[in-house]
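Taking it in order: structure first as structure tokens, then the write-up.
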Amino acid sequence: MNFDPETYAPDHFGWSFADGVASVTLNRPERKNPLTFESYAELRDTFRALSYTPSVKVVLIAGAGGNFSSGGDVHEIIGPLTKMAIPELLDFTRMTGDLVKAMRGCPQPIVAALDGVCAGAGAIIAMASDIRIATPDTKTAFLFARVGLAGCDMGACAILPRIIGQGRASELLFTGRAMSAEEGLAWGFHNRIVGSRALLEDALTAARAIAAGPTFANGITKTQLNSEWNVSLETAIEMEAQAQAICMATNDFRRAFEAFASKRKPKFEGD
Numbered sequence: 007m008n009f010d011p012e013t014y015a016p017d018h019f020g021w022s023f024a025d026g027v028a029s030v031t032l033n034r035p036e037r038k039n040p041l042t043f044e045s046y047a048e049l050r051d052t053f054r055a056l057s058y059t060p061s062v063k064v065v066l067i068a069g070a071g072g073n074f075s076s077g078g079d080v081h082e083i084i085g086p087l088t089k090m091a092i093p094e095l096l097d098f099t100r101m102t103g104d105l106v107k108a109m110r111g112c113p114q115p116i117v118a119a120l121d122g123v124c125a126g127a128g129a130i131i132a133m134a135s136d137i138r139i140a141t142p143d144t145k146t147a148f149l150f151a152r153v154g155l156a157g158c159d160m161g162a163c164a165i166l167p168r169i170i171g172q173g174r175a176s177e178l179l180f181t182g183r184a185m186s187a188e189e190g191l192a193w194g195f196h197n198r199i200v201g202s203r204a205l206l207e208d209a210l211t212a213a214r215a216i217a218a219g220p221t222f223a224n225g226i227t228k229t230q231l232n233s234e235w236n237v238s239l240e241t242a243i244e245m246e247a248q249a250q251a252i253c254m255a256t257n258d259f260r261r262a263f264e265a266f267a268s269k270r271k272p273k274f275e276g277d
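Its first residue numbered 7, the sequence shown is counted upward by one per residue in our numbering.
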């Protein structure tokens with residue numbers, strides 16, 4: 007897709023871009039921001055395009071109207087799925103999984119601002135983000151079991167235990183119950199909890215702080231966080247040695263040294 011973050015105008019979610027931060031807003035507040043076949047696909051394609059968009063340094067994703075997302079739209083997705091054959095269903099589940107692959111695969115850190123309902127695919131999008139900031143009202147539910155489905159949806163059985171632990175993930179995925187904001191903080195799912203009125207500003211501040219950092223190196227960090235899940239410690243250390251050597255060849259590394267020597271704050275440029 008042709009992708010210019012300055013002029014991009016998606017059909018199925020809000021978009022803005024400033025100071026290196028691209029803001030994605032799930033914006034169907036009257037229905038608690040559910041996803042549709044079209045919004046899944048457009049989000050997937052957008053995150054894929056970000057891999058080739060260095061001007062975007064960080065992505066902020068939020069929901070409109072006091073909720074993050076209620077997941078797949080009951081009438082526009084769930085109903086039609088009950089009438090599909092397995093080949094069509096597999097096309098759908100692979101497409102939704104591709105959204106998580108695209109989010110994890112793009113080099114930009116993703117900051118999720120979570121409020122109110124964060125359920126189903128909404129919880130998965132939060133899980134697939136890198137940093138999660140919540141409010142006291144945030145309720146996160148991987149509710150697939152409550153609609154007769156397995157908890158292994160869109161990578162949940164792979165990613166969620168790595169965030170909150172196997173036992174806690176098992177409970178949430180088997181029961182579909184909501185995880186409170188306080189539980190999410192204690193279990194490491196949320197990075198912090200802030201008031202609802204402060205949520206977007208806090209998340210944007212966090213995104214801008216990361217955007218001001220060494221963009222290329224941040225992309226390497228995200229890649230290594232993904233790549234080192236299933237390798238030995240010896241392999242991980244060698245992977246990190248090679249990755250860090252590459253970062254040491256960047257101009258940002260030199261800029262940081264020169265700034266330190268001059269007792270000033272470095273200005274990173276991502277090269």
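Every residue gets a Cβ at the ideal spot worked out from N, C-alpha and C, and that includes glycine.
query: Reference residue 107; option with closest CA among 262, 39 and 229; result: 229
query: Contacts around residue 181, its chain only, beta-carbon distance under 7 Å, and the 5 residues preceding and following it disregarded; result: 151
query: Coarse secondary structure for residue 261, derived from DSSP in three states; result: helix
query: Member of 131, 214, 236 and 260 whose CA lies at the smallest distance from the CA of residue 103; result: 131
query: Residue of 183, 232 and 142 minimising C-alpha distance to residue 202; result: 142
query: Given residue 82 as reference, the closest of 135, 71 and 40 once Cα atoms are compared; result: 40
query: Residue 37 (DSSP reduced to helix, strand or coil); result: helix
query: From 37, 99 and 135, residue whose alpha carbon lies closest to that of residue 115; result: 135
query: Opening and closing residue of the beta strand (DSSP E) in which residue 107 lies; result: Residue 107 -> not in any beta strand (DSSP E); alpha helix (DSSP H) instead, spanning 92-111.
query: Close beta carbons around residue 16, own chain, < 8 Å, minus the five adjacent residues each side; result: 48 and 52
query: Endpoints, the beta strand (DSSP E) within which residue 140 is located; result: 137-140
query: N-terminal and C-terminal residue of the beta strand (DSSP E) that residue 21 is part of; result: 20-24
query: Every unbroken alpha helix (DSSP H) inside the stretch 224-273 [4 residues or more]; result: 239-254 and 257-267
query: Residue from 60, 24 and 77 whose Cα sits closest to the Cα of residue 32; result: 77
query: Under the three-state DSSP convention, the category residue 160 falls into; result: coil
query: Buried/exposed call for residue 46, threshold 16 Cβ in 10 Å; result: buried
query: Run of the beta strand (DSSP E) containing residue 69, from where it starts to where it stops; result: 64-69
query: Cβ separation of residue 133 and residue 50, assumed to be a contact under 8 Å, to the nearest whole Å; result: So it is not a contact: roughly 16 Å between Cβ atoms.
query: Opposing strand residues paired with residue 185 [DSSP bridges]; result: 146
query: Paired residues, beta bridge with residue 116 - DSSP; result: 65
query: Anticipated Cβ contact below 8 Å, residue 129 with residue 146, distance rounded; result: 5 Å
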